[in-house]
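**Q**
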Amino acid sequence: MKQKKIPLRTCVITHEKCEKRDLLRVVRTPEGNVIVDDSLKANGRGAYLKKDKAVIEKAKSSKILEKHLEVAINDEIYEELLNKVN
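Written out as structure tokens, the structure is:
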């Protein structure tokens, strides 16, 4: 029987390839809103972050998510990401 392929995605901070379930996805929707995507299937431009507090803090300080998603990101999004890690 053919083995199912495990989807790998790259963290925008560490550049590590990880399974989708080990990452958090932040999405800029077509309307321009930024959301944390729990389903990993939301429509829009997405960026993946490793489930690690240090990685999220680095993303906030370096503003790399803003560069990838091409939109300003509120502190509430980073707070939500940190809550999902803990």
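Going left to right, the sequence shown walks through residues 143 to 228 as the numbering used here numbers them. We put the beta carbon where it would ideally sit given N, CA and C, even for glycine.
Taking DSSP's pairing of strands, which residues face Y190 in a bridge?
**A** The count along the sequence shown starts at 1 and reaches residue 190 at position 48. The partner list for Y190 (beta bridge, DSSP) reads C153 and R167.
**Q** Judging by CA-CA distance, which residue of K183, G174, L150 and L166 is the nearest neighbour of K192?
**A** Within the sequence shown, residue 192 is the residue found at index 50, counting from 1. K192 has its Cα closest to that of L166, out of K183, G174, L150 and L166.
**Q** V178 lies in the beta strand (DSSP E); which residues open and close that run?
**A** The sequence position of residue 178 within the sequence shown is 36, counting from 1. Unbroken beta strand (DSSP E) run through V178: V176 to D179.
**Q** Suppose the cutoff is 6 Å on Cβ atoms and the five residues either side in sequence are ignored; what does the same chain contact list for P149 look like?
**A** Position 7 of the sequence shown holds residue 149. Answer for P149: K162, listed in chain order.
**Q** Pick out whichever of L182, D179 and R187 has its Cα sitting closest to the Cα of E173.
**A** Taking the sequence shown and counting its residues from 1, the one referred to as residue 173 is at position 31. The option with the nearest alpha carbon to E173 is R187.
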